[in-house]
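Residues 34 to 293, numbered by the numbering used here, are exactly what the sequence shown covers, in order.
Using N, Cα and C, we set each Cβ at its ideal position, and we do this for glycine too.
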Amino acid sequence: MNLNLNNKYALVCGSTAGIGKATAMSLVAEGATVTLIARNEDKLKAVLAELPQQRNHDYIVADFSNPEELKAKVSEYVSKNHGFHILVNNTGGPKGGPVFSAELDEFENAFTQHLKCNHVLAQAVVPFMKDVGYGRIINIISTSVKQPLDGLGVSNTIRGAVANWSKTLANELGSFGITVNNVLPGATGTERLTEIIKNKSAKTGNTEEEAANAMKNAVPAKRFAKPEELAYAVTFLASECASYINGINLPVDGGRTKSL
Ligand SMILES: NC(=O)c1ccc[n+]([C@@H]2O[C@H](COP(=O)([O-])OP(=O)(O)OC[C@H]3O[C@@H](n4cnc5c(N)ncnc54)[C@H](OP(=O)(O)O)[C@@H]3O)[C@@H](O)[C@H]2O)c1
């Protein structure tokens, strides 16, 4: 199998850390030219400097708390530079906590950052994808779309909306050679996971090591994922090889999710 992403442009969101950064690296390794997005320009420059220099990789500074501004920046970028064959929708996860005590603005913020931003990004990139007859939209969501996770009430709620938005979009865009799929990470060794472990430790009184071990024990693989293991799944879905896979949720969780 040759994934061959030569001459493919990819827009990779949340790509200064964790799963997004690993995805950018993996897409580049298969030949893609990437444009990174995140809020912190210094971190964007640092990731850009880590990428092999032979292609014109680039970045856009944007904050997913402002979808209108994000849309304007990406639309301007597309009109002045090039369109994208691949869009990886990814950003920071919502704050943890039980759903019952969540404030209304927590739902609104998460809906904005996840669903609205995915939507404006899709609107900005799909016209080019239709023109060239090739598009891959891959949303990094969570296994909570299959089985809600304890202590992640707002996240569980909003992820469901994103998964249904994505499935609907897959139905609408499939005939244009565009696929829309979701990758569902299990516990993956990133800054986000460090925060989740700290919260669990504070809540239970266990040490962070004990909290981490309890999480690992809930996974048949008995370990956390490496960000690259998520990135490989995204890279496959981004390739021509995955052309007949559309509208799916792909858990990459070491077998942790109890449902099929
Ligand atoms: N790690 C896990 O165990 C796990 C499990 C299930 C689901 N997930 C989900 O997978 C996604 C990625 O997780 P991760 O662990 O890779 O996260 P991470 O290590 O915290 O990285 C998040 C990335 O998103 C960017 N970002 C955060 N807030 C942003 C904003 N408002 N606007 C633009 N960019 C923003 C960050 O850069 P800047 O700060 O520079 O903006 C960074 O590049 C999240 O939705 C997370 O909830 C993760």
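Within its chain, find whatever has a CB closer than 7 Å to the CB of residue i; leave out the 5 residues flanking it on each side and keep chain order.
i: residue 259; result: 222
i: residue 240; result: 234
i: residue 303; result: Nothing about residue 303 can be read from this structure; the chain reaches only from 34 to 293.
What is the rounded straight-line gap between the Cα of residue i and the Cα of residue j?
i: residue 220; j: residue 178; result: 14 Å
i: residue 285; j: residue 264; result: 10 Å
i: residue 159; j: residue 236; result: 43 Å
i: residue 193; j: residue 202; result: 14 Å
i: residue 131; j: residue 281; result: 28 Å
i: residue 198; j: residue 55; result: 25 Å
i: residue 82; j: residue 34; result: 29 Å
i: residue 111; j: residue 93; result: 11 Å
i: residue 191; j: residue 210; result: 28 Å
First and last residue of the beta strand (DSSP E) that includes residue i?
i: residue 46; result: 42-46
i: residue 225; result: No beta strand (DSSP E) contains residue 225, which is instead part of the alpha helix (DSSP H) from 224-237.
i: residue 191; result: It is not in any beta strand (DSSP E) - residue 191 instead sits in the alpha helix (DSSP H) that spans 186-206.
i: residue 119; result: 119-122
i: residue 279; result: First-last for residue 279: undefined, no H or E at that position.
Please return the same chain residues whose Cβ sits closer than 6 Å to the Cβ of residue i, not counting the five positions on each side in sequence.
i: residue 299; result: Lying outside 34 to 293, the shown extent of the chain, residue 299 is not represented and no answer is given.
i: residue 244; result: 230, 233, 234
Short of 8 Å in beta carbon distance, which residues of its chain neighbour residue i, apart from the five on each side in sequence? Order them along the chain.
i: residue 79; result: 49
i: residue 176; result: 182, 217, 218, 219, 284, 286, 289, 290
In the DSSP assignment, what residue or residues form a beta bridge with residue i?
i: residue 69; result: 45, 92
i: residue 221; result: 258
i: residue 169; result: 119, 212
State the start and end residues of the unbroken alpha helix (DSSP H) segment that holds residue i.
i: residue 127; result: Element bounds for residue 127: n/a, residue is neither H nor E.
Indicate whether the contact test is met: 3 or more Cβ pairs, each with one atom in the stretch 144-156 and one in the stretch 118-127, closer than 8 Å.
Touching, yes, given that three or more Cβ pairs across the two stretches are closer than 8 Å.
Taking contact to mean 3 or more Cβ pairs, one atom from each stretch, closer than 8 Å, check whether the stretch 86-99 and the stretch 131-140 are in contact.
Touching, no, given that fewer than three Cβ pairs across the two stretches are closer than 8 Å.
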